[in-house]
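In what follows, a structure is listed as C-alpha cells, so that the remarks can point back to it.
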Amino acid sequence: MKESMTNSIKQEQSHKTHELQNQLSQCTNALESSEELLEFASRSMDIKDAEEFTKAARQIKDRVTMAAAFRLSLKPKLSDNMTHLMVDFSQERQMLQSLKFLPVPKAPEIDPADCIVADNCVTVAWKMPEEDNKIDHYVLEYRKTNYDGLPRVKDERCWEMVDNIKGAEHTLSGLKFDSKFMNCRVRACNKAVAGEYSDPVTLETKALTFGLDNTSAHLNLKVEDSCVEWDPMAGKSQESKVKGKENKGSATPSPKRTSVTSRPAMGRGSRDRFTGESYTVLGDTAIESGQHYWEVKAQKDCKSYSVGITYRTIGKFDQLGKTNISWCLYVNNWLQTTFAAKHNNKAKALEVAVPDRIGVYCDFDGGQLLFYNGDTKQLLYSFKTKFTQPVVPGFMVWCGGITVCTGLQVPSAVKTLQKTENGMSGSSGSLTSVAQ
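Here my numbering is used: the first residue of the sequence shown is 240, the next is one more, and so on.
What follows is the structure, encoded as C-alpha cells:
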C-alpha cells in the first residue's frame, strides 16, 4: 500500500508540475501582450490623422476585450486539488510504534532417550535450545515407516499432525504398531509465526502383526480381514457349486461367501486344510523367536470358540487343544458357560469369568504361553513347554464370530507380572509339557 501511494503521489506531483509550468508560460505570454498593448496605446496618442486614430482605437478596444479570456487562463487549476495529496499517517504511526515484534522461534530438539514407547503409546519429549517464554504452542508431526534412520522423500505414508500442544511433550495413544518405526518432528509457534521443524527422530515400534490365513480356514468359516465368522451353509453351497458347475455356470455365490468364492482357484483348492468339526483358521505369520502379544474379542452371540497357538503340522481333523502340538483357551456358551485351558486332549476348568477380550502372550524362547484378561491384565492361565518348531496363532469358531487385534506390544503389566511371578503360575494354575 505504501508503494502504491508513493507512486500515486509521484504521478500527481509530475502532473501538477506540468500544469503549473503551462500556467506560468501562459502568464508570461499574457504579461508580454499587456506590455505590448500599453506601448501601442501610448504611440496611438501621437496620431494626428483622425481615421488612423479611429483604427488604432478600435484595435486597442478589441485587444482589451480579450483580457477576460486572459484572466480565465491565469486561474490556478491546481489550487482546489492540492489538499488531495495530504495524507495523515499519525494514527498508523502510533499503532506501529505500539506493536511488539516477535522473532521466529528456533527449532526444538528431540532426544530419543527422553521418548517412551510402551503399551502402544508413544511419548515424545523435546526442549528448546534456549529459553523462550514467548512460545504459545507446539505442533507435532509423526508418520509410520518401515525404514530406519531419517525420513525418506518417497515414503509410502504421509505425516499426521497434532496441533496446539501446550507442554514440551505429548503422548500418542491407541496406536496400532503395524510398522517397524515411527518418525517424529516438532516445531514451536508464538502468536505471530511458526518456526522450523526439529530434526526428525526415528523410534522403534516393533510388534507382531499378522492376518488370518484364508487358505487355511475351514469351509464353514468366513474370513474378512481380522474377523472370522461361522457360516453353516458355506460348505454346502461350495459343494453344490462344484457339482453344478457344468450345468449351472451362471450360479451366483452366496453373498456371505464372497470373500472366499471370489478367491483364485489355488485358494479354493486349499480350503480343505481343516475339515469335519475342526472349525479352525490359522494366522499367516509364524513365530520363531521373541515375545509377542495379541488379543481376541468374541461376538456376544458366539456359542463356542478357542484361542491359542499350534504347530503348522496340526492335522486337518484335529481341534485346538486336543493334540500335543496345540495349546488354547476354550469358551463354550452353549446351554451353560464352560471356560477351560486345553492341551493334549486334557482340559483344566478355569474358575473365573470369561473376559470381553482375551490377551495371548507367547514367549517362544522362554517356552511360555500365557492368557490374560485383555482389560485388567489379570493372568488367566499359563502353559510351560519347550517349542521345537515355529508356532502360528490358531482360532476355532462355531456359531458366532471373533475379531483378532494385532500390532500390539507386550503390555507393561504383563512384563511386570512376568518378573514378579516368574511366569510359572496364574490365577487358575499352570500346565507343563514338552511337544515334539
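Glycine residues also receive a C-beta, built at the ideal position from the N, C-alpha and C atoms.
Buried versus exposed call for residue i [16 or more other C-beta atoms within 10 Å across all chains shown]
i: Thr444; result: buried
i: Gly388; result: exposed
i: Leu335; result: exposed
i: Asn453; result: buried
i: Gly450; result: exposed
i: His531; result: buried
i: Ile248; result: exposed
i: Lys484; result: Residue placement at Lys484 is flagged as unreliable, the pLDDT there being 45, under the threshold of 50; a coordinate-derived value is accordingly withheld.
i: Phe196; result: Residue 196 is absent from the model: the chain starts at 240 and stops at 675.
i: Asn320; result: In this prediction, Asn320 has a pLDDT of 49, which is less than 50 and means its spatial position is unreliable; nothing more can be read from the coordinates.
i: Cys567; result: buried
i: Ser418; result: buried
i: Met244; result: exposed
i: Gln265; result: exposed
i: Gly515; result: exposed
i: Thr384; result: buried
Inter-residue spacing [alpha-carbon to alpha-carbon] between residue i and residue j
i: Val361; j: Pro344; result: 25 Å
i: Tyr569; j: Arg382; result: 39 Å
i: Glu258; j: Phe292; result: 41 Å
i: Val636; j: Asp604; result: 29 Å
i: Met472; j: Asn459; result: 7 Å
i: Leu647; j: Ala586; result: 28 Å
i: Ser517; j: Glu435; result: 59 Å
i: Gly606; j: Lys581; result: 17 Å
i: Ile597; j: Lys542; result: 16 Å
i: Pro594; j: Trp533; result: 15 Å
i: Leu574; j: Trp469; result: 18 Å
i: Glu251; j: Lys241; result: 15 Å
i: Asp438; j: Ala456; result: 47 Å
i: Lys461; j: Val546; result: 17 Å
i: Ile349; j: Leu656; result: 32 Å
i: Ser253; j: Asp327; result: 21 Å
i: Ala431; j: Gln330; result: 22 Å
i: Phe626; j: Ile553; result: 14 Å
i: Asp358; j: Lys616; result: 12 Å
i: Asn583; j: Lys555; result: 16 Å
i: Ser649; j: Asp614; result: In the sequence on display, residue 649 carries Val and not Ser. One C-alpha to the other measures close to 14 Å.
i: Met421; j: Val363; result: 11 Å
i: Asp511; j: Pro629; result: 22 Å
i: Phe513; j: Asn571; result: 20 Å
i: Asp557; j: Trp398; result: 47 Å
i: Ala433; j: Val401; result: 14 Å
i: Ala280; j: Glu274; result: 10 Å
i: Ile286; j: Lys255; result: 47 Å
Beta-carbon spacing of residue i, residue j below 9 Å
i: Tyr550; j: Ser565; result: yes
i: Tyr386; j: Ile404; result: no
i: Asp375; j: Trp365; result: no
i: Ile526; j: Cys638; result: no
i: Thr577; j: Ala592; result: no
i: Thr644; j: Val535; result: Per the sequence shown, the amino acid found at residue 644 is Cys instead of Thr. For Cys644 and Val535, yes; Cβs fall inside 9 Å.
i: Pro368; j: Pro351; result: no
i: Ser272; j: Arg297; result: no
i: Thr524; j: Val599; result: no
i: Ser283; j: Ala269; result: no
i: Phe634; j: Gly560; result: no
From the options, residue whose alpha carbon lies closest to that of residue i
i: Ala537; options: Thr577, Gln558, Val467, Asn385; result: Val467
i: Ile299; options: Glu278, Asp288, Lys287, Ala289; result: Glu278
i: Pro342; options: Met240, Gln648, Cys354, Asn429; result: Asn429
i: Ile355; options: Ser651, Tyr620, Phe513, Ala433; result: Ser651
i: Arg396; options: Ile374, Gly406, Cys423; result: Cys423
i: Phe416; options: Val425, Thr448, Glu408, Ser437; result: Thr448
i: Lys539; options: Thr642, Pro351, Leu338, Met400; result: Thr642
i: Asn563; options: Phe622, Phe420, Phe578; result: Phe622
i: Leu618; options: Trp398, Phe634, Val653; result: Val653
i: Val440; options: Asp371, Ser418, Glu380; result: Glu380
i: Glu408; options: Glu275, Phe420, Ser418, Arg426; result: Arg426
i: Tyr620; options: Ala579, Ala446, Ser329; result: Ala579
i: Ser528; options: Asn584, Ala446, Arg512; result: Ala446
i: Thr624; options: Ile548, Thr267, Val363, Lys373; result: Ile548
i: Asp371; options: Glu399, Gly406, Asp402; result: Gly406
i: Glu463; options: Gln260, Gly640, Val401, Asp285; result: Gly640
beta-carbon residue i near the ligand ATP non-hydrogen atom, thresh 8 Å
i: Phe634; result: Ligands displayed in this structure: none; no statement on the ligand ATP is therefore possible.
Exercise for the section: Pair every Cβ in the region 605 to 612 with every Cβ in the region 411 to 422, then say whether three or more of these pairs are closer than 8 Å. Expected result: no
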